[in-house]
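Engineer: Sharing a structure below in structure tokens format, with a few things to ask.
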Amino acid sequence: MSDHYICLIPAEPDFIPGEESQAAAVALIQKTWNLEKSEITPETDTHIVFRDCGENFESVHCPHCSAEMEIGHWQALMDQSYSDENGFTISTIQTPCCSKSTTLNDLCYKWPMGFSRFVLRTVDPGYEISDYLLIELESAIGSELRVIHQMY
Ligand SMILES: [Zn+2]
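Each residue of the sequence shown is one higher than the last, beginning at 22 in the working numbering.
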């Protein structure tokens, strides 16, 4: 039996919603998905953390030309952008395929992954997050959100 979680992260890696916004988002998920409060965890890290999708990981693609990025190249970029002291630094990188500017956070990940200080993690309720709920959550949090399906 594997573990499934849904992670919601702000579009901007540095963004941290206020306490009340976090509580409103938790209440919304709790009510909509009929979860226990203990199954929904808002977390804020001191540094920017990589939010992976676990076993759902398939590939990384260029956001400009969609070319698949070699995993070794991506890992090297990840290493360059990380330090134990400061976590991840999201800076401009050049794509190897078409030499255009992007960031690690803007690469197209299959399945979606991303970088953030804040994350709202819930157990997977077993169905897709509706567009309506996502809009409500984005309005509660005060930021556009990225949905990450984690499977371990
Ligand atoms: Zn490209």
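Every residue, glycine too, gets a C-beta built ideally from N, C-alpha and C.
Note the first and the last residue of the continuous beta strand (DSSP E) segment covering K131.
Structural biologist: Taken as a continuous stretch (DSSP letters only), the beta strand (DSSP E) holding K131 covers C129 to K131.
Engineer: Quick check: does the Cβ of K131 come within less than 7 Å of any heavy atom belonging to ligand 1?
Structural biologist: Not so, every heavy atom of ligand 1 lies at least 7 Å from the Cβ.
Engineer: With a threshold of 7 Å (Cβ to nearest heavy atom), would H94 be considered close to ligand 1?
Structural biologist: Outside the cutoff, so no.
Engineer: Looking at the C-beta of G93, does it have a partner C-beta in chain C at a distance below 8 Å?
Structural biologist: In the structure shown, chain C cannot be found, because there is only a single protein chain.
Engineer: Given that a residue counts as buried once 16 or more other Cβ atoms are within 10 Å of its Cβ, and exposed if not, what is Q101?
Structural biologist: Exposed, since its Cβ has fewer than 16 Cβ neighbours within 10 Å.
Engineer: So, helix, strand or coil for I153, using DSSP?
Structural biologist: Position check: residue 153 holds Tyr in this sequence, whereas Ile was assumed. In this structure, Y153 counts as helix in the three-state DSSP scheme.
Engineer: Report the option in D73, I156 and C86 whose CA atom is closest to the CA atom of I27.
Structural biologist: Ranking D73, I156 and C86 by Cα distance to I27 puts D73 first.
Engineer: Which residues share a DSSP beta bridge with P63?
Structural biologist: Its beta-bridge partners are L141.
Engineer: So T62 and L154 are supposed to be a Cβ contact under 8 Å. How far apart are they, rounded?
Structural biologist: Going by Cβ atoms, the distance from T62 to L154 rounds to 18 Å, so no, they are not a contact pair.
Engineer: Measuring only the C-alpha atoms, how far is Y130 from L98?
Structural biologist: Going from the Cα of Y130 to the Cα of L98 covers about 14 Å.
Engineer: DSSP on H85, reduced to helix/strand/coil?
Structural biologist: Of the three classes helix, strand and coil, the one that applies to H85 here is coil, per DSSP.
Engineer: Taking buried to mean at least 16 other C-beta atoms within 10 Å of its own C-beta, is Q96 buried or exposed?
Structural biologist: So Q96 ends up on the exposed side.
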